[in-house]
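Colleague: I have a structure I would like to understand better, so I am pasting it below and will then ask my questions one at a time.
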Amino acid sequence: MREYRKKICEYLLLWFVGGCLYYGFEVVFRGFSHWSMFVLGGICMCFCAWQGSVRQWQDPLWVQLLRCMVFITSCEFITGIIVNKWMGWHVWDYTGMPLQLFGQICVPFMLLFSCLSVVGIYLGGNILWKVFGEKKPHFFLI
1381 MREYRKKICE YLLLWFVGGC LYYGFEVVFR GFSHWSMFVL GGICMCFCAW QGSVRQWQDP
1441 LWVQLLRCMV FITSCEFITG IIVNKWMGWH VWDYTGMPLQ LFGQICVPFM LLFSCLSVVG
1501 IYLGGNILWK VFGEKKPHFF LI
C-alpha cells in the first residue's frame, strides 16, 4: 500500500510540474493558454518520465524521443478533437499550417513538441530520482 501511495505522489507531482511548464510555455509564446493544456501537459510529462523508468533508462534518448513524440502527437490529436471539434472551445487551430490533419495536429508543431519532450524526459527522470529515490536516469544519444 505504501508503494502505491508513493507512485500516486510521484505522478501527481510530475503531472503538476508538466502542466505548469506547458501552460507557462504557451502563455510566454502565445500570450494565453487554456486549462485543458495544463491537463494535457501534465499527462505528457507523466508519460515522458514513465516511458524511461519502465525501461530503466536503458534506451537511447532518440528512441525515448520518438516514443514521446508519437504519444504527445496522439494525445494532442485526441484532445483537439474533444476540445476543439466536439466542445467547440477553439483552443487551437492548425488549419493554415503545412502537413496538418483536421487542424488539430501538424508536422511543425509535432517537431516542436518533440524538442519539448527532451525537457520532459530529462526533468521527469530527475524528479523521480532526486525527489522520490527512484533509479538514477542515464541519458545517452546512441
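Add 1380 to the 1-based position in the sequence shown for my numbering, that's all there is to it.
Beta carbons: idealized from backbone N, C-alpha and C, even for Gly.
Because the structure is a prediction, the values reported are computed rather than measured.
Tell me the residue span of the alpha helix (DSSP H) that contains Lys1386.
Modeller: The residue you call residue 1386 lines up with position 6 of the sequence shown. Segment Arg1382 to Arg1410, the alpha helix (DSSP H) holding Lys1386.
Colleague: I believe Ile1501 touches Cys1428 by the beta-carbon criterion, under 8 Å. Please report the beta-carbon distance rounded to the nearest angstrom.
Modeller: Here residue 1501 corresponds to residue number 121 of the sequence shown, with the count starting at 1. Here residue 1428 corresponds to residue number 48 of the sequence shown, with the count starting at 1. That pair is a contact at about 5 Å.
Colleague: Answer with buried or exposed for Cys1424, where buried requires no fewer than 16 other C-beta atoms within 10 angstroms of its C-beta.
Modeller: Here residue 1424 refers to the residue found at position 44 when the sequence shown is read from its first residue. Buried.
Colleague: Buried or exposed for Leu1472, going by 16 or more other Cβ atoms inside 10 Å?
Modeller: Start at 1 with the first residue of the sequence shown, and residue 1472 comes out as number 92. In the sequence as displayed, the identity of residue 1472 is Trp instead of Leu. Classification for Trp1472: buried.
Colleague: Mark Glu1390 as exposed unless 16 or more other C-beta atoms lie within 10 angstroms of its C-beta, in which case mark it buried.
Modeller: Residue numbering aside, residue 1390 sits at position 10 when the sequence shown is read from its first letter. Classification of Glu1390: buried, given that the 10 Å Cβ count is 16 or more.
Colleague: Are there three or more Cβ pairs, one per stretch, closer than 8 Å when the segment 1435-1453 is compared with the segment 1487-1494?
Modeller: Segments in contact, yes.
Colleague: If you pair each beta-carbon of the segment 1511-1518 with each one of the segment 1430-1437, do three or more pairs fall below 8 Å?
Modeller: yes
Colleague: Can you find the residues in the same chain that come closer than 8 Å, C-beta to C-beta, to Phe1418, ignoring five residues on each side of it along the sequence?
Modeller: Stepping through the sequence shown from its first residue, residue 1418 is reached at position 38. Around Phe1418: Gly1399, Cys1400, Tyr1402 and Tyr1403.
Colleague: Exposed or buried, what is Thr1453 when buried is set at 16 or more other beta-carbons lying within 10 Å of its beta-carbon?
Modeller: In the sequence shown, counting from the first residue as 1, residue 1453 sits at position 73. Counting Cβ neighbours within 10 Å, Thr1453 comes out buried, since at least 16 surround it.
Colleague: Taking its Cβ as the centre, do 16 or more other Cβ atoms sit within 10 Å of Trp1466, making it buried, or is it exposed?
Modeller: Translated into the one-based positions of the sequence shown, residue 1466 becomes position 86. Exposed, by the Cβ-count rule.
Colleague: Out of Leu1441, Ser1416, Ile1388 and Leu1521, point me to the one whose CA is closest to Trp1469's CA.
Modeller: Here residue 1469 refers to the residue found at position 89 when the sequence shown is read from its first residue. Checking every option, the nearest Cα to that of Trp1469 belongs to Ser1416.
Colleague: According to DSSP, what are the bridge partners of Cys1486?
Modeller: Mapped onto the sequence shown, residue 1486 falls at position 106. DSSP output for Cys1486 lists Gln1480 as bridge partner(s).
Colleague: In whole angstroms, what separates the C-alpha of Leu1441 from that of Gly1505?
Modeller: As a working mapping, residue 1441 is identified with position 61 in the sequence shown. As a working mapping, residue 1505 is identified with position 125 in the sequence shown. Spanning the two alpha carbons is a distance of roughly 12 Å.
Colleague: Since Cys1486 and Tyr1474 should fall inside the 8 Å C-beta cutoff, what is the C-beta to C-beta distance between them, to a whole number of angstroms?
Modeller: For the purposes of this step, residue 1486 is taken as the residue at position 106 of the sequence shown. For the purposes of this step, residue 1474 is taken as the residue at position 94 of the sequence shown. Indeed, because the Cβ distance is near 4 Å, the residues count as touching under 8 Å.
Colleague: For Thr1453, report the span of its alpha helix (DSSP H) as first-last.
Modeller: For the purposes of this step, residue 1453 is taken as residue 73 along the sequence shown, with counting starting at 1. Run containing Thr1453: Leu1441 to Gly1460, per the alpha helix (DSSP H) assignment.
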